[in-house]
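>
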Amino acid sequence: MMKKKKCFYYTSMFLFISTFYLFSSARTGYTAQSPEDLMTKIDSLEQLLLYEEACVLTHELLEQYANFDETDRVLLCRAYLKKSFCFGDEGKTVESIVVLEKALAIAMQIKDSTLLSIGYRELGYRSTIAGNYEQGFEAYRNALEIDTKLNAYENIAISLNAIGKIHELWKQFDKALDFFYQSLAIAEHLNNLDQIAIRKASIASAYKSMQNFDLALDYLERSLALETELNNEVRMGYRMDQMGEIFTILGDFEKAEEKLLSALEIFRNNRILVSESIVLNHIGFNYMKKNDYENALNRYIESLAIAEQTGFNNMKQKNLRELSSLMQKKKNYSEALEYYKQFVAIRDSAFTEQARRQLLDFQVKYESEHKEKELAIMNQKRLEDQLKLNQARQQHILMFGIVTILIFLLGTLYSRFQIKKRAQIKLSEANRQLNLMNQTKNKFFTILAHDLKNPIYAFRNISTSVHENYAELSREDLKYYTGELKNTSEKLCAFLDDLLKWAASITGRLVPKADSIELKPLFEKLVDLCSPMAKSKKLSISVDIPNGHLVWADRNMINTIFRNIISNAIKFTPENGWIKIQSNMQSIHTEIKISDSGIGILPKDLPKLFDIGNDPSRIGNSNDKGMGFGLFLCKEFIDKNNGEIRAESQPGNGTIFQIVLPNKQPK
1 MMKKKKCFYY
11 TSMFLFISTF
21 YLFSSARTGY
31 TAQSPEDLMT
41 KIDSLEQLLL
51 YEEACVLTHE
61 LLEQYANFDE
71 TDRVLLCRAY
81 LKKSFCFGDE
91 GKTVESIVVL
101 EKALAIAMQI
111 KDSTLLSIGY
121 RELGYRSTIA
131 GNYEQGFEAY
141 RNALEIDTKL
151 NAYENIAISL
161 NAIGKIHELW
171 KQFDKALDFF
181 YQSLAIAEHL
191 NNLDQIAIRK
201 ASIASAYKSM
211 QNFDLALDYL
221 ERSLALETEL
231 NNEVRMGYRM
241 DQMGEIFTIL
251 GDFEKAEEKL
261 LSALEIFRNN
271 RILVSESIVL
281 NHIGFNYMKK
291 NDYENALNRY
301 IESLAIAEQT
311 GFNNMKQKNL
321 RELSSLMQKK
331 KNYSEALEYY
341 KQFVAIRDSA
351 FTEQARRQLL
361 DFQVKYESEH
371 KEKELAIMNQ
381 KRLEDQLKLN
391 QARQQHILMF
401 GIVTILIFLL
411 GTLYSRFQIK
421 KRAQIKLSEA
431 NRQLNLMNQT
441 KNKFFTILAH
451 DLKNPIYAFR
461 NISTSVHENY
471 AELSREDLKY
481 YTGELKNTSE
491 KLCAFLDDLL
501 KWAASITGRL
511 VPKADSIELK
521 PLFEKLVDLC
531 SPMAKSKKLS
541 ISVDIPNGHL
551 VWADRNMINT
561 IFRNIISNAI
571 KFTPENGWIK
581 IQSNMQSIHT
591 EIKISDSGIG
601 ILPKDLPKLF
611 DIGNDPSRIG
621 NSNDKGMGFG
631 LFLCKEFIDK
641 NNGEIRAESQ
651 PGNGTIFQIV
661 LPNKQPK
């Protein structure tokens with residue numbers, strides 16, 4: 001036992017000293033070293049799994065020696081390949097592709113087949129991630145041709161599997177399965193358990209896309225068993241992600257969530273951004289199927305952010321499409337339409353007709369080469385069978401021509417029908433949007449009339465009373481009436497100010513100027529401004545906000561938001577009531593809660609509070625109904641400051657407004 005401990009101790013010390021020496025030399029004083037020595041250190045760091053340090057050293061090597069004519073071209077090509085891997089691991093897909101093209105240019109100059117094969121396979125992978133399937137397909141085709149000449153069967157299996165994945169993305173599932181099974185056969189012949197596990201997972205993915213879920217789960221369980229046996233944590237995460245997605249489709253949401261969360265933890269621990277984006281999307285889909293729309297929305301947005309960071313266009317499309325569906329379920333049709341427009345814009349550029357033609361060319365070339373190899377080893381019987389087949393083909397030429405003409409005519413008629421149908425759909429949608437805009441315009445004018453009515457009527461009534469009874473009024477009466485005129489004019493000015501701000505906001509002239517704002521002094525000032533109104537109704541207003549609670553927002557907009565909400569609370573709270581203002585600061589956002597003991601709001605009216613398409617005069621329970629124009633402006637300003645607002649209420653139990661705003665500047 002003591003010997004084992006000593007052995008472990010000396011081994012650990014050796015690795016520590018080696019790592020320290022390698023990394024410290026990467027940081028200081030190696031400018032006099034040759035590029036060969038630096039590459040040796042990079043390889044050593046990678047063997048010790050110190051990939052970040054290896055990346056640092058690779059970047060610095062290229063900065064010093066990339067432009068030296070004396071630098072070994074093979075070594076320089078290897079350095080560029082390593083740099084592309086580093087960019088890929090950092091989620092910088094575009095930068096990775098740019099560096100790969102430099103590496104491939106050098107490999108072509110020196111005619112190094114091995115480096116060309118590595119470069120093309122990596123280019124195929126990065127291009128596929130970026131959604132450029134045409135470039136990815138071409139790169140894998142080049143790698144397959146080179147590896148076939150080199151008899152590099154393991155690499156042939158990798159390229160065949162990758163080409164199958166692109167067929168799967170193009171929804172050509174039978175062809176995808178053909179390539180997957182070819183790749184699996186090579187892996188089994190080589191008895192490569194790692195590759196066998198991956199190939200079975202690829203086959204499962206194709207069966208899942210074909211909705212053959214039983215076969216898909218069977219292959220995934222076989223693959224996961226191999227990955228567990230090999231103790232390959234990352235690929236165990238891939239399999240659990242695939243299984244979780246299938247369980248969601250089958251309606252077993254709890255089992256799906258268990259698998260997906262386990263996969264997410266693995267990918268986050270290993271900082272695999274692309275896979276993290278995929279599994280977050282699958283978790284969002286699982287939540288949406290469970291009708292848990294808020295959690296679904298959060299996961300989709302996280303997945304979309306990572307996909308945009310890494311240039312993962314395929315996952316960007318998937319997130320945008322599913323976000324559009326989610327917003328339709330939430331009846332937020334404007335957001336649903338916006339997400340769908342973004343999805344269509346990316347989708348239309350992802351797969352061109354040129355890619356289809358190149359795919360066909362490659363298929364013909366690949367099949368021809370395969371047949372030539374088979375012909376070289378065929379016996380006489382195979383040749384006779386081929387001759388009979390050719391004769392049969394000649395006999396059916398006439399029939400084939402007739403069928404082709406009929407298909408062409410039917411296709412033309414169908415195409416014209418579809419064009420006409422799409423035009424009718426567009427016209428109907430345009431009419432619907434026009435009617436909706438007219439309805440919204442009418443309701444907007446109703447809102448303005450409702451909120452202007454009370455102040456203007458008050459002006460008229462007070463001024464009429466003063467005018468008709470001037471001789472009989474005492475100084476106290478005059479002071480009271482002029483005070484009422486002052487209060488009414490201030491309310492009217494505040495409303496008109498809000499209206500002008502809203503108009504500037506929707507026309508794009510009002511741009512938020514965010515800053516760090518401490519909440520406690522802001523609310524204390526607002527409460528002082530509103531205290532005359534509160535005192536007139538004998539209301540108590542308490543501010544329970546600790547020092548140091550912040551938000552990152554536009555100060556003027558935030559003042560307008562909270563002033564409107566507090567004014568509404570005073571307006572709808574009976575005498576001797578209370579209003580409380582509280583805050584809860586978390587890591588990236590702060591939640592502000594404004595509650596009152598007012599008359600409350602009916603549940604059916606809550607969804608209408610922030611919708612400009614609803615008549616505010618129908619909301620509320622008091623004689624003075626309506627939240628007024630202010631809440632629409634609050635919603636507009638909170639959206640511009642990347643926040644959220646929601647309300648909770650029951651008639652007779654008061655109302656709680658919750659506002660969530662960021663407390664840090666977005667990175």
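Residues 1 to 667, numbered by UniProt numbering, are exactly what the sequence shown covers, in order.
Just so you know, even glycine gets a beta-carbon here, dropped at the ideal spot from N, CA and C.
1) Could you round the C-beta distance between residue 75 and residue 57 to whole angstroms and report it? I think they count as a contact, below 8 Å.
2) At what residues does the alpha helix (DSSP H) containing residue 324 begin and finish?
3) Residue 21 by DSSP, collapsed to three states: which one?
4) My understanding is that residue 311 touches residue 130, with C-beta atoms under 8 Å, so please give their C-beta distance in whole angstroms.
5) Going by the CB atoms, is the gap between residue 88 and residue 104 shorter than 8 Å?
6) Since I believe residue 106 is in contact with residue 136 (beta carbons under 8 Å), could you give me their beta-carbon distance rounded to a whole number of angstroms?
7) At the level of alpha carbons, what is the spacing between residue 233 and residue 63?
8) May I ask you to report which of helix, strand or coil DSSP gives residue 514?
9) Within this structure, are the beta carbons of residue 488 and residue 539 separated by less than 8 Å?
10) With a threshold of 16 other CB atoms inside 10 Å of the CB of residue 307, please say whether the residue is buried or exposed.
11) Residue 647 and residue 609 look like a contact to me (Cβ under 8 Å); what is the Cβ gap, rounded to whole Å?
12) With a threshold of 6 Å on Cβ separation, who are the neighbours of residue 97 within its own chain once the five nearest residues in sequence on each side are excluded?
13) Helix, strand or coil for residue 477 per DSSP?
14) According to the Cβ coordinates, are residue 589 and residue 662 closer than 8 Å?
15) Does residue 317 pass the burial test, meaning 16 or more other C-beta atoms within 10 Å, or should it be called exposed?
16) Let me know if residue 159 comes out buried or exposed under the rule of 16 or more other beta-carbons within 10 Å of its beta-carbon.
17) Name the one or two DSSP bridge partners that residue 117 has.
18) Mark residue 649 as exposed unless 16 or more other C-beta atoms lie within 10 angstroms of its C-beta, in which case mark it buried.
19) If we call anything under 8 Å between Cβ atoms a contact, is residue 273 one with residue 91?
20) Which two residues bound the contiguous alpha helix (DSSP H) that contains residue 523?
21) CB-CB under 8 Å to residue 526, same chain, minus the five flanking residues each way: which ones, in chain order?
22) Taking residue 343 as the reference, which of 313, 309, 181, 329 has the closest Cα?
23) Classify residue 345: buried if its beta carbon has 16 or more other beta carbons within 10 angstroms, exposed otherwise.
24) With DSSP as the reference, label residue 337 as helix, strand or coil.
25) Where does residue 225 land, buried or exposed, given buried means 16+ other C-beta within 10 angstroms?
26) Sorted by chain position, which residues of the same chain lie with C-beta nearer than 8 Å to residue 668's C-beta, five sequence neighbours on each side aside?
27) Return the CA-CA distance between residue 581 and residue 95, expressed in angstroms with no decimal places.
28) Starting from the Cα of residue 571, find the closest Cα among 535, 555, 553, 643 and give me that residue.
29) At the level of alpha carbons, what is the spacing between residue 475 and residue 467?
30) Going by CA-CA distance only, name the one from 139, 83, 464, 59 that's closest to residue 116.
31) When you compare only the Cα positions, how much space is there between residue 654 and residue 207?
32) Are residue 237 and residue 256 close, meaning C-beta to C-beta below 8 Å?
33) Can you find the residues in the same chain that come closer than 8 Å, C-beta to C-beta, to residue 108, ignoring five residues on each side of it along the sequence?
34) If you draw a straight line from the alpha carbon of residue 424 to that of residue 330, how long is it in whole angstroms?
35) Between residue 576 and the rest of its own chain, which residues show a CB-CB distance below 7 Å, the 5 nearest in sequence each way excluded?
36) Note down the Cα distance separating residue 296 from residue 319, rounded to an integer number of angstroms.
Put simply:
1) Here residue 75 refers to the residue found at position 75 of the sequence shown. Here residue 57 refers to the residue found at position 57 of the sequence shown. Contact doesn't hold; Cβ gap of about 13 Å is too wide.
2) For the purposes of this step, residue 324 is taken as residue 324 along the sequence shown, with counting starting at 1. Annotation for residue 324: the continuous alpha helix (DSSP H) segment containing it runs 313-329.
3) Against the sequence shown, residue 21 aligns to sequence position 21. Because residue 21 sits at a pLDDT of 40, beneath the cut-off of 50, its placement in the model cannot be relied upon, and the following sentence gives the value as read from the coordinates. In the three-state scheme derived from DSSP, where H, G and I count as helix and E and B as strand, residue 21 is classed as helix.
4) As a first step, residue 311 must be located in the sequence shown, where it is residue number 311. As a first step, residue 130 must be located in the sequence shown, where it is residue number 130. That pair is a contact at about 5 Å.
5) As a position in the sequence shown, residue 104 is number 104, starting the count at 1. As a position in the sequence shown, residue 88 is number 88, starting the count at 1. At a Cβ-Cβ threshold of 8 Å, residue 104 and residue 88 do not count as neighbours.
6) The residue given as residue 136 occupies position 136 in the sequence shown. The residue given as residue 106 occupies position 106 in the sequence shown. At roughly 21 Å, the Cβ-Cβ gap does not stay under 8 Å, so residue 136 and residue 106 are not in contact.
7) For the purposes of this step, residue 233 is identified with residue 233 of the sequence shown, where counting begins at 1. For the purposes of this step, residue 63 is identified with residue 63 of the sequence shown, where counting begins at 1. Going by the C-alpha atoms only, they are around 35 Å apart.
8) Against the sequence shown, residue 514 aligns to sequence position 514. Three-state DSSP puts residue 514 in a strand.
9) Here residue 488 refers to the residue found at position 488 when the sequence shown is read from its first residue. Here residue 539 refers to the residue found at position 539 when the sequence shown is read from its first residue. No, these two residues do not count as a Cβ contact at 8 Å.
10) The sequence position of residue 307 within the sequence shown is 307, counting from 1. Burial call: buried.
11) The residue you call residue 647 lines up with position 647 of the sequence shown. The residue you call residue 609 lines up with position 609 of the sequence shown. About 6 Å; that satisfies the 8 Å criterion.
12) Here residue 97 refers to the residue found at position 97 when the sequence shown is read from its first residue. In its chain, beyond the 5 residues on either side, 126 have a beta carbon closer than 6 Å to the beta carbon of residue 97.
13) Taking the sequence shown and counting its residues from 1, the one referred to as residue 477 is at position 477. Collapsing the DSSP output to three states places residue 477 in a helix.
14) As a position in the sequence shown, residue 589 is number 589, starting the count at 1. As a position in the sequence shown, residue 662 is number 662, starting the count at 1. Yes, they are a contact pair.
15) Taking the sequence shown and counting its residues from 1, one reaches residue 317 at position 317. The residue is buried, with at least 16 neighbouring Cβ atoms inside 10 Å.
16) For this step, residue 159 is matched to residue 159 along the sequence shown. Residue 159 comes out buried.
17) Along the sequence shown, read from residue 1 onward, the residue named residue 117 stands at position 117. Looking at the DSSP assignment, residue 117 forms no beta bridge with any residue, so it has no partner.
18) Residue mapping note: residue 649 aligns to position 649 of the sequence shown, counting from 1. It is buried - the Cβ of residue 649 has at least 16 other Cβ atoms within 10 Å.
19) By 1-based counting over the sequence shown, the position of residue 273 is 273. By 1-based counting over the sequence shown, the position of residue 91 is 91. Taking 8 Å as the Cβ cut-off, residue 273 and residue 91 qualify as a contacting pair.
20) Taking the sequence shown and counting its residues from 1, the one referred to as residue 523 is at position 523. Counting along the chain, the alpha helix (DSSP H) containing residue 523 begins and ends at 519-536.
21) As a working mapping, residue 526 is identified with position 526 in the sequence shown. Within the same chain, residue 526 has close Cβ partners 559, 562, 563, 566.
22) For the purposes of this step, residue 343 is taken as residue 343 along the sequence shown, with counting starting at 1. It is 313.
23) One-based indexing of the sequence shown puts residue 345 at position 345. Exposed, because fewer than 16 other Cβ atoms sit within 10 Å of the Cβ of residue 345.
24) Indexing the sequence shown from 1 puts residue 337 at position 337. In the structure shown, residue 337 sits in a helix (DSSP, three-state: H, G or I).
25) As a working mapping, residue 225 is identified with position 225 in the sequence shown. Exposed, because fewer than 16 other Cβ atoms sit within 10 Å of the Cβ of residue 225.
26) Outside the shown range of the chain (1 to 667) lies residue 668, about which nothing can therefore be said.
27) Position 581 of the sequence shown, counted from the first residue, corresponds to residue 581. Position 95 of the sequence shown, counted from the first residue, corresponds to residue 95. Approximately 49 Å, taken between the alpha carbons.
28) For the purposes of this step, residue 571 is taken as the residue at position 571 of the sequence shown. Of 535, 555, 553, 643, the smallest CA-CA separation from residue 571 is found for 535.
29) Counted from its first residue, the sequence shown places residue 475 at position 475. Counted from its first residue, the sequence shown places residue 467 at position 467. In this structure, the alpha-carbon of residue 475 lies about 14 Å from that of residue 467.
30) If you number the sequence shown from 1, residue 116 lands on position 116. The option with the nearest alpha carbon to residue 116 is 139.
31) Taking the first residue of the sequence shown as 1, we reach residue 654 at position 654. Taking the first residue of the sequence shown as 1, we reach residue 207 at position 207. In this structure, the alpha-carbon of residue 654 lies about 55 Å from that of residue 207.
32) Numbered from 1 along the sequence shown, position 237 holds the residue referred to as residue 237. Numbered from 1 along the sequence shown, position 256 holds the residue referred to as residue 256. No, the Cβ-Cβ distance between residue 237 and residue 256 is not below 8 Å.
33) Along the sequence shown, read from residue 1 onward, the residue named residue 108 stands at position 108. Here residue 108 has 116 as same chain residues with Cβ atoms under 8 Å from its own Cβ, once five neighbours each way along the sequence are excluded.
34) Along the sequence shown, one-based indexing puts residue 424 at 424. Along the sequence shown, one-based indexing puts residue 330 at 330. One C-alpha to the other measures close to 27 Å.
35) Counting from 1 along the sequence shown, the entry for residue 576 is found at position 576. Counting only Cβ-Cβ distances below 7 Å, and skipping sequence neighbours, we find 538.
36) Working through the sequence shown from its first residue, we reach residue 296 at position 296. Working through the sequence shown from its first residue, we reach residue 319 at position 319. Per the coordinates, the alpha-carbon of residue 296 lies some 11 Å from the alpha-carbon of residue 319.
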